[in-house]
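Student: At position 86 of the sequence shown the residue is numbered 86 (full-length UniProt numbering), and the sequence of numbers has no breaks.
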Amino acid sequence: MAGRPHGIKLVLTKDNAILSDAKDDIVKTWRWNPNAQNAGTPPTDPIVIQLNECLTFKFVDRKHILVKFVNTGVSLEFQCGERLKRDDTYLQHSTK
């Protein structure tokens with residue numbers, strides 16, 4: 001089996017999130033809509049999951065999700081959080 005089957009798990013859906021421990025017991029659930037019934041609250045501390053020796057997953061909130069790759073002097077970060085619209089315009093990155 002690939003990965004770490006006995007590690008913590010985080011499932012993110014369009015409506016909610018579920019965090020389980022290494023024994024597959026659910027330790028926290030929350031809905032993205034805080035006004036929903038039994039919404040719960042997101043964790044206050046970041047969730048960090050070591051996927052393998054090179055990949056680390058970090059969840060802070062829905063907009064701040066990071067996957068980091070580190071291997072033999074190479075370090076890359078991938079921003080995987082939600083972006084509903086641009087913070088800037090395409091004109092700010094154009095050149096003449």
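For each residue, glycine too, the CB sits at the ideal point set by N, CA and C.
Restricting to Cα atoms, I'd like to know which of Cys80, Asp15 and Val70 is closest to Ala36.
Tutor: The residue with the shortest Cα to Cα distance from Ala36 is Asp15.
Student: So, for Thr56: in the same chain, excluding its five sequence neighbours on each side, which residues have a beta-carbon less than 6 Å away from its beta-carbon?
Tutor: Only Gln50 and Lys68 meet the Cβ criterion.
Student: So what's Leu55 in DSSP terms, helix, strand or just coil?
Tutor: The answer is strand: DSSP assigns Leu55 an E or B state.
Student: State the Cα-Cα distance for the pair Leu19 and Cys54, rounded to the nearest angstrom.
Tutor: For Leu19 and Cys54, the distance between alpha carbons rounds to 22 Å.
Student: Is the distance from the Cβ of His64 to the Cβ of Gly40 below 7 Å?
Tutor: Not in contact: His64 and Gly40 (Cβ atoms no closer than 7 Å).
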